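Comments concern the structure below.
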Amino acid sequence: MAKMTLEELRKLRDSKKNDLRKRDTEGKNIQVIVGMGTCGIAAGAKVTLDAFLKALDEKNLVDQVLVRQTGCMGLCHSEPTVEVLMPGMPTVIYGKVDAKAAKDIVEKHLIGRELLDNLILDRPAVDIINAK
Amino acid sequence: MAYNHYILVCGGTGCESNKSDEIYRNLITEAEKQGVKDQVQIVKTGCFGFCEKGPIVKVLPEDSFYVEVKPEDAHTIIAEQIVKGREVQKLLYKKGEANKSKVAVEDIEFYQKQLRVVLRNCGVINPESIDEYIAREGYVALEKALFEMTPEQIIEELKISGLRGRGGAGFPTWLKWDIARKVPGDIKYMVCNADEGDPGAYMDRSTIEGDPHSIIEAMVIAGKVIGSHQGYVYIRAEYPLAIDRLRIAIEQAKEYGLLGKNILGSGFDFDIEIRLGAGAFVCGEETALIQSLEGKRGMPVPKPPFPAQSGLWGKPTVINNVETLANIPVILTKGGAWLGKIGTEKSKGTKVFALTGKVNNSGLVEVPMGTTLREIIFDIGGGIKNGKKFKGVQTGGPSGGILTEKDLDTPIDYESLTALGSMMGSGGMIVMDEDDCVVDVSRFYMEFCVDESCGKCSPCRIGTTQILNILEKIARGNGEMSDLDKLEEIGKAMTKASLCMLGGSAANPTLSTIRNFRDEYIEHIVDKKCRAGKCKHLVRFEIDPNKCIGCGLCARRCPVSCISGEKRQPHVIDASKCIKCGECYNVCKFGAVIKK
Chain A
89 MAKMTLEELR KLRDSKKNDL RKRDTEGKNI QVIVGMGTCG IAAGAKVTLD AFLKALDEKN
149 LVDQVLVRQT GCMGLCHSEP TVEVLMPGMP TVIYGKVDAK AAKDIVEKHL IGRELLDNLI
209 LDRPAVDIIN AK
Chain B
249 MAYNHYILVC GGTGCESNKS DEIYRNLITE AEKQGVKDQV QIVKTGCFGF CEKGPIVKVL
309 PEDSFYVEVK PEDAHTIIAE QIVKGREVQK LLYKKGEANK SKVAVEDIEF YQKQLRVVLR
369 NCGVINPESI DEYIAREGYV ALEKALFEMT PEQIIEELKI SGLRGRGGAG FPTWLKWDIA
429 RKVPGDIKYM VCNADEGDPG AYMDRSTIEG DPHSIIEAMV IAGKVIGSHQ GYVYIRAEYP
489 LAIDRLRIAI EQAKEYGLLG KNILGSGFDF DIEIRLGAGA FVCGEETALI QSLEGKRGMP
549 VPKPPFPAQS GLWGKPTVIN NVETLANIPV ILTKGGAWLG KIGTEKSKGT KVFALTGKVN
609 NSGLVEVPMG TTLREIIFDI GGGIKNGKKF KGVQTGGPSG GILTEKDLDT PIDYESLTAL
669 GSMMGSGGMI VMDEDDCVVD VSRFYMEFCV DESCGKCSPC RIGTTQILNI LEKIARGNGE
729 MSDLDKLEEI GKAMTKASLC MLGGSAANPT LSTIRNFRDE YIEHIVDKKC RAGKCKHLVR
789 FEIDPNKCIG CGLCARRCPV SCISGEKRQP HVIDASKCIK CGECYNVCKF GAVIKK
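These protein sequence lines are chains A and B, in that order. For the first sequence, this note's numbering assigns the number 89 to the initial residue and increments by one for each residue that follows. For the second sequence, this note's numbering assigns the number 249 to the initial residue and increments by one for each residue that follows.
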């Protein structure tokens, strides 16, 4: 790269900041957890995961959302499954989340703050266990 | 394709010597082999500080903190965590043996009381990537210094922050800069003192290895303030990794136009060159450092004139220690008041310590000034190894003193340490337990000072040798009570009359041990006894005939075959042949070998 001016340095910082913020776990209070057991992966959870990362990037949400993987949630009939934790919203598990659905979740649930009724599968696993 | 995982591998010297580089390479190969190289970014970072448990590998976003990782674990990490999304349980840091569950990074006791200002980027960014430094508010302070603030304003900020030299003496940084700024002259120099020489200290090395750009940024700022256009980093050749990373960082900064002519179009020029030192302890003393930079033999010269008035090649020169400089960008970015809120009344900010010796969690520790030794040694350091008893802690290396049990609750700052007869020094902290002998420790440090004394002034040259002679005499069991007075007399003379602080502080370990452990010295002199068993001439091994069952293990292990006896009969040690290695004492399962 050629010698930079002040403006170029600032621009570079902004773009790189985004890259590095993805690594941070602090201060992110929204979590998207993708079930990545064998069943999930076989059903296309990797594509789902990528779709989430891409959608978050596009919507500039990497600062707030932590995308994590977990093992099998035990809902193998509806893989890929995705759990969404967000302050002020009920925690839900979505089932059969493909790339398109992932994009919808980002746009409607995370940004629009409304649940996607047709995709909701269950309450979170912890609640189900506690209820029994 | 976006990354869904990030693996941070510690690239500090401690972990590298434990094959962290191989771990890094294996992770890359494995990621490729298992087809996930597009999903995971593998980054080599600076020191995480928790060297005791190295090599350290951290995986994000799960925040998995893996300790004591081996190169062959790379396969498992990739296969389990990256491919299947499962943490590798056996590598996770666990608190104690009983607790088998994962401990979150912020809950690890080692990190809980720490506050990372100087080490803010260590273990977070890739030190060989200027982009990652820039992303973490890097060079923001430089922007301010070049375009928004006047030199007077910057000095004012430093004054508010209360930053003092972290090399040990604690001279106010703003004052140093202000003096150099006000001296007329168009050629001035900015020098970074990275000649860290205390045994057991590695704060500066780790800072440069983990975050080299913070030093470069601070030097340019200093250049702007004092009106210097040339900087030198004086670093010892024994720090190859730090030198490499600094070189890469300087090249990157030049390429981006953050060093060189017309920085960021501001019209300000500043360049940095690296100068390698041969590793002489005295060259950390600023006047000796200047001599060495000029190509002469590294020997101190009398002050005044101070370097800020007449330094390198007779020009006004500011010399700042690595850790001091690493604070500068933070002060300008967050404001002097931010740093000024941390610490004690006269010592502001944080201090990095290299915690080593007989402590459970040795490592690189950064705490607010005013933290007590007890917190550092027992909370962060996890207490003494093998449940032994704490005896003392050596702060400030060969120039410092030994602090004991009674000093554990003193809040640490420049003044309190000096009042206790030690000093802040650069930040080495060596913990000793009941198995360490104070005479032996003093002897070790004095031997170091004899080697490192440049020989220019007689108080230091002759004084160190004489003290060493007397200490060796005591250790051999030939000491007399008058020797203690002699040690104190010579020590005081050296402290007063030496040309530089090497000689001026060389007697500190001896004087402080005599003050704190006079009874142990007397024991060596009068009773001819060394309770720690370190002074070999004073130790005698014997076998208790009532306890010995005659297994013969000690006889087989004795390297000089001085133990004899019939099978199943008590054995005897031939004291005339014994070399006092202690092997018999260590191997006896029945406690029959007695150390006297």
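Just so it is clear, CB atoms sit at the ideal spot from N, CA and C, and this is done for glycine as well. Predicted, not measured: the structure shown is a model, and the values here were computed from it.
Figure out for me which residue from the options has the closest Cα to the Cα of residue i.
{"i": "residue 288 of chain B", "options": "B:656, B:631, B:420 and B:332", "result": "B:332"}
{"i": "residue 817 of chain B", "options": "B:797, B:319, B:652 and B:674", "result": "B:797"}
{"i": "residue 793 of chain B", "options": "B:839, B:775 and B:757", "result": "B:839"}
{"i": "residue 304 of chain B", "options": "B:255, B:310, B:767 and B:283", "result": "B:255"}
{"i": "residue 741 of chain B", "options": "B:715, B:477, B:262 and B:475", "result": "B:715"}
{"i": "residue 394 of chain B", "options": "B:579, B:510, B:487 and B:486", "result": "B:510"}
{"i": "residue 244 of chain B", "options": "B:413, B:260 and B:278", "result": "Since the first residue of chain B shown is 249 and the last is 844, residue 244 of chain B is not available in this structure."}
{"i": "residue 850 of chain B", "options": "B:706, B:609, B:646 and B:618", "result": "Only positions 249 to 844 of chain B appear in this structure, which leaves residue 850 of chain B out of reach."}
{"i": "residue 648 of chain B", "options": "B:581, B:761 and B:768", "result": "B:761"}
{"i": "residue 138 of chain A", "options": "A:190, A:112 and A:116", "result": "A:190"}
{"i": "residue 558 of chain B", "options": "B:770, B:664, B:539 and B:272", "result": "B:539"}
{"i": "residue 154 of chain A", "options": "A:204, A:207 and A:121", "result": "A:121"}
{"i": "residue 357 of chain B", "options": "B:733, B:776, B:801 and B:631", "result": "B:631"}
{"i": "residue 307 of chain B", "options": "B:325, B:301 and B:319", "result": "B:325"}
{"i": "residue 188 of chain A", "options": "A:177, A:209, A:202 and A:133", "result": "A:133"}
{"i": "residue 176 of chain A", "options": "A:108, A:202, A:135 and A:96", "result": "A:202"}
{"i": "residue 468 of chain B", "options": "B:533, B:573, B:383 and B:569", "result": "B:573"}
For residue i, does the three-state DSSP call read helix, strand or coil?
{"i": "residue 345 of chain B", "result": "With a pLDDT of only 49 at residue 345 of chain B, under 50, the local geometry of the prediction cannot be trusted, and the value read off the model is given with reservation. Coil at residue 345 of chain B, not helix or strand."}
{"i": "residue 165 of chain A", "result": "helix"}
{"i": "residue 758 of chain B", "result": "helix"}
{"i": "residue 629 of chain B", "result": "coil"}
{"i": "residue 474 of chain B", "result": "helix"}
{"i": "residue 610 of chain B", "result": "coil"}
{"i": "residue 251 of chain B", "result": "coil"}
{"i": "residue 534 of chain B", "result": "helix"}
{"i": "residue 121 of chain A", "result": "strand"}
{"i": "residue 659 of chain B", "result": "strand"}
{"i": "residue 845 of chain B", "result": "Residue 845 of chain B is absent from the model: chain B starts at 249 and stops at 844."}
{"i": "residue 697 of chain B", "result": "helix"}
{"i": "residue 715 of chain B", "result": "helix"}
{"i": "residue 710 of chain B", "result": "helix"}
{"i": "residue 844 of chain B", "result": "coil"}
{"i": "residue 182 of chain A", "result": "strand"}
{"i": "residue 601 of chain B", "result": "strand"}
{"i": "residue 622 of chain B", "result": "helix"}
{"i": "residue 310 of chain B", "result": "coil"}
{"i": "residue 209 of chain A", "result": "strand"}
{"i": "residue 356 of chain B", "result": "coil"}
{"i": "residue 504 of chain B", "result": "coil"}
{"i": "residue 171 of chain A", "result": "strand"}
Residue i touches chain C at which residues, Cβ-Cβ below 7 Å?
{"i": "residue 111 of chain A", "result": "The chain labelled as chain C is not found among the protein chains of the depicted structure, namely A and B."}
Segments assigned beta strand (DSSP E), at least 3 residues, entirely inside the stretch 372–442 of chain B: 437–442
Ranges of the beta strand (DSSP E) found wholly within the stretch 766–833 of chain B, counting only runs of at least 3: 789–791
Where the stretch 118–148 of chain A meets chain B: residues whose CB sits under 7 Å from a CB there: 124, 137, 138, 141, 142 and 145
contact_flag[the stretch 192–201 of chain A, the stretch 140–148 of chain A] where n(CB pairs < 8 Å) is 3 or more: yes
Inter-stretch contact at 8 Å, needing at least 3 Cβ pairs: the stretch 612–622 of chain B / the stretch 381–399 of chain B: no
Inter-stretch contact (C-beta, 8 Å, three-pair minimum) for the stretch 449–467 of chain B and the stretch 669–676 of chain B: yes
Residues of the stretch 382–397 of chain B with Cβ closer than 7 Å to any Cβ of chain A, in chain order: 382, 383, 384, 387, 391 and 395
Residues of the stretch 489–512 of chain B with Cβ closer than 7 Å to any Cβ of chain A, in chain order: 503, 504, 505 and 512
Proximal residues, the stretch 146–166 of chain A versus chain B, C-beta separation under 8 Å: 154, 155, 156, 157, 158 and 159
Members of the stretch 90–108 of chain A that neighbour chain B once the beta carbon cut-off is set at 7 Å: 91, 92, 93, 94, 97, 100, 101, 104, 105, 107 and 108
Stretch-stretch touch, CB-based, cutoff 8 Å, three pairs: the stretch 745–758 of chain B with the stretch 693–703 of chain B: yes
Under 8 Å (Cβ pairs) to chain A, residues found in the stretch 637–663 of chain B: none
Validate contact between the stretch 430–440 of chain B and the stretch 466–475 of chain B using beta carbons, cut 8 Å, 3 pairs: yes
Contact the stretch 702–712 of chain B vs the stretch 540–554 of chain B: 3+ CB pairs below 8 Å: yes
contact_flag[the stretch 778–792 of chain B, the stretch 682–691 of chain B] where n(CB pairs < 8 Å) is 3 or more: yes
Any 3 or more C-beta pairs closer than 8 Å across the stretch 403–419 of chain B and the stretch 577–589 of chain B: yes
Given 8 Å, three or more beta-carbon pairs between the stretch 360–380 of chain B and the stretch 295–309 of chain B: yes
Residues of the stretch 366–379 of chain B with Cβ closer than 7 Å to any Cβ of chain A, in chain order: 379
Positions along the stretch 325–338 of chain B whose CB lies within less than 7 Å of some CB in chain A: 332, 333 and 334
Segments assigned alpha helix (DSSP H), at least 4 residues, entirely inside the stretch 543–591 of chain B: 570–582 and 584–588
Contact the stretch 481–495 of chain B vs the stretch 456–473 of chain B: 3+ CB pairs below 8 Å: yes
Cβ contact (3+ pairs, closer than 8 Å) linking the stretch 155–170 of chain A and the stretch 123–136 of chain A: yes
The stretch 260–279 of chain B contacting the stretch 312–324 of chain B, beta-carbon criterion three pairs below 8 Å: yes
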